[in-house]
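Report on one structure; see the data block that follows.
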Amino acid sequence: SQFWLRGEFPADPVRFDPETGMWNVYGHAEALKTLSDPKVFSSDTVRLVPPEMAPDKDLFVDGNLLQMDPPDHKKLRTLVSHAFTPKVVADLEPRIAALTNELLDAVDGEESMELVTSLAYPLPVIVIAELLGVPASDRTLFKQWVDTMLNNSQQRSLIKQTEEDKKASDESVEQLKNLVNYLSEHVDDRRRNPREDLLTKLVEAEVDGEKLTQNEVVNFANVLLLAGHITTTMLLGNTMLCLDSHPDEYRRVREDRALLPATIEESLRFLSPFALVARATMTEVELGGQAIPADSMLAIWIAAANRDPRTFEDPGTFDPARTHNPHLAFGRGIHFCIGAPLARLEGKTALGILLDRFPDLRTDPGVPPSFIPSPNMTGVNELRLLLK
Ligand code: HEM
5 SQFWLRGEFP ADPVRFDPET GMWNVYGHAE ALKTLSDPKV FSSDTVRLVP
55 PEMAPDKDLF VDGNLLQMDP PDHKKLRTLV SHAFTPKVVA DLEPRIAALT
105 NELLDAVDGE ESMELVTSLA YPLPVIVIAE LLGVPASDRT LFKQWVDTML
155 NNSQQRSLIK QTEEDKKASD ESVEQLKNLV NYLSEHVDDR RRNPREDLLT
205 KLVEAEVDGE KLTQNEVVNF ANVLLLAGHI TTTMLLGNTM LCLDSHPDEY
255 RRVREDRALL PATIEESLRF LSPFALVARA TMTEVELGGQ AIPADSMLAI
305 WIAAANRDPR TFEDPGTFDP ARTHNPHLAF GRGIHFCIGA PLARLEGKTA
355 LGILLDRFPD LRTDPGVPPS FIPSPNMTGV NELRLLLK
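The sequence shown: position 126 = 130 (this note's numbering), numbered continuously.
As structure tokens, this is what we get:
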């Protein structure tokens, strides 16, 4: 279904799909328009989801930055921006490097390693858990919950559901509840025993003289924990895969680490971890030559927009040296990814160390990589690398 990965691009950049009931936006210019105009293209998409498809929505929506519109979005976003200042992120570099080295020590001397299990999953989840202040050792729990959610995220529509989708969605909601309960206990604890961590900051924070509710703190922490690791896991795996399949680029970055940041940006464009974001129209609107009614659900395929030939020269070529790369992998506008500087730093630090430590690193031709089984995500699930 991810036709853009096959080098195909539709003539009509905006298209209604009667089967899903959603409007697909594929074009870069059209995607940018939606992301830049939250008054018309609202992030509060849950209001369009039939109640039977979102039975527990009250539990998960409060405090979920991704689903909020101005002015509430601004308040919460300002608050968390204080926790993610450039300095806070930059100061994490030595810790990220130490963790990477520790994780790689465990496989040093082996013939091969599986990148996701050994590095790409544990690194970002430990970093975000430490920032929040929950025990990083609980990451096997998170992984169990998150894997079920990822395996179940095959649903093609946000507003229509098959029986099979319903079963998968019920299972995911159960896992989400586990995560919410888990975080809720930690938040309760911080109310009694404040610490130097992000959870305590969220508990104590005041927005316009008001504190966040328990639900808001928990959901916000939940978004950070989830958004803060699976995407970065994909970024690390995808970049390694891109390099391995492009020997000239691989050789260049091996010789010059200063090329890593541009390589990471190109990997984000070429294999965008978050393939889509959703929006709901507040009014009737014209987009890409189509008249979209009010209260329509949009699937904005940023992964497709990132291969739009009207914006990117030779979009099907992985080219870290491209001079114009306005990719949308981190979104755009008011919801632009808060964790982008952290994800970029983790990518640069971890991949740099990986290349330094293993001069012969390459994929194992006998074990093909596997991918996350979801149309909404583009990410390596397993990548076996030869170390010697
Ligand atoms: C928002 C992608 C890493 C936290 C977003 C959005 C995208 C995205 C596309 C915009 C969603 C929208 O407009 O509806 C990614 C990718 C990542 C990554 C590809 C890694 C390669 C992270 C990390 C964190 C994080 C490490 C946390 C530490 C968030 C949050 C938002 C967000 C809280 C919501 C911002 C808002 O609504 O104002 N991310 N993300 N992300 N991301 Fe990331």
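For every residue, glycine included, the Cβ atom is placed at its ideal position computed from N, Cα and C.
The structure presented is a predicted model; accordingly, all values stated were derived computationally and were not measured.
Cβ shell of residue i (< 6 Å), same chain only, five flanking positions each side left out
i	result
residue 376	154, 383 and 385
residue 68	223 and 227
residue 351	239 and 268
residue 20	27
residue 300	27 and 285
residue 11	320
residue 138	190
Burial state of residue i (16 or more Cβ within 10 Å)
i	result
residue 303	buried
residue 128	buried
residue 314	exposed
residue 86	exposed
residue 213	exposed
residue 339	buried
residue 331	buried
residue 31	buried
residue 285	buried
residue 236	buried
residue 253	buried
residue 276	buried
residue 270	buried
residue 374	exposed
residue 110	exposed
residue 22	exposed
residue 141	exposed
residue 325	exposed
residue 319	buried
residue 199	exposed
residue 333	buried
Nearest-angstrom Cβ-Cβ length linking residue i and residue j, presumed shorter than 8 Å
i	j	result
residue 308	residue 27	Rounded, the Cβ-Cβ distance is 13 Å, inconsistent with contact.
residue 381	residue 244	17 Å between Cβ atoms; not a contact.
residue 283	residue 40	Going by Cβ atoms, the distance from residue 283 to residue 40 rounds to 11 Å, so no, they are not a contact pair.
residue 232	residue 343	5 Å
residue 24	residue 161	4 Å
residue 368	residue 116	6 Å
residue 241	residue 119	6 Å
residue 357	residue 101	6 Å
residue 355	residue 264	6 Å
residue 349	residue 53	Between residue 53 and residue 349 the Cβ distance is about 35 Å, and since that is not below 8 Å, they are no contact.
residue 169	residue 159	4 Å
residue 361	residue 13	At roughly 39 Å, the Cβ-Cβ gap does not stay under 8 Å, so residue 361 and residue 13 are not in contact.
residue 152	residue 175	6 Å
residue 143	residue 130	7 Å
residue 345	residue 90	6 Å
residue 99	residue 248	That pair is no contact at about 27 Å.
residue 44	residue 287	6 Å
Same chain only: Cβ atoms within 7 Å of residue i, ignoring 5 sequence neighbours per side
i	result
residue 177	60
residue 136	201, 202, 203, 225, 228 and 229
residue 274	246 and 322
residue 205	87
residue 221	67, 191, 206 and 207
residue 83	209 and 211
residue 194	203, 204 and 207
residue 73	42, 46, 47 and 48
residue 347	235, 236 and 239
residue 371	388
residue 258	359
residue 79	211 and 212
residue 97	349 and 353
Same chain, Cβ closer than 8 Å to residue i, five either side skipped, listed in chain order
i	result
residue 250	322
residue 29	17, 18, 35, 38, 291, 292, 302, 303, 304, 305 and 309
residue 50	58, 61, 65 and 71
residue 104	123, 127, 353, 354, 357 and 358
residue 280	303, 304, 305, 306, 307 and 380
residue 149	179, 180, 182 and 183
CB contact check: residue i to chain D, cutoff 7 Å
i	result
residue 197	This model lacks chain D altogether, as it is built from one protein chain only.
Taking only runs that begin and end inside the stretch 245-294, name each unbroken alpha helix (DSSP H) of 4 or more residues, in chain order. 251-259 and 264-274, all fully within the stretch 245-294.
Mind listing, in chain order, the continuous alpha helix (DSSP H) runs of no fewer than 4 residues lying wholly within the stretch 152-201? 167-196
What are the uninterrupted segments assigned as alpha helix (DSSP H) that are 4 or more residues long and contained completely in the stretch 7-72, given in chain order? 32-39 and 61-65
Could I get the ranges of all uninterrupted alpha helix (DSSP H) runs contained in the stretch 75-104, with 4 residues as the minimum, in chain order? 76-87 and 90-94
What runs of the alpha helix (DSSP H), each 4 residues or longer, lie entirely inside the stretch 212-249? 218-231 and 234-248
If you scan the stretch 309-377 from start to end, which runs of the alpha helix (DSSP H) of 4 or more residues do you find wholly inside it? Within the stretch 309-377, the complete alpha helix (DSSP H) runs of at least 4 residues are 344-361.
At which residue ranges does the stretch 112-138 contain complete alpha helix (DSSP H) runs of 4 or more residues, listed in the order of the chain? Within the stretch 112-138, the runs of alpha helix (DSSP H) at least 4 residues long that lie entirely inside it are, in chain order, 126-136.
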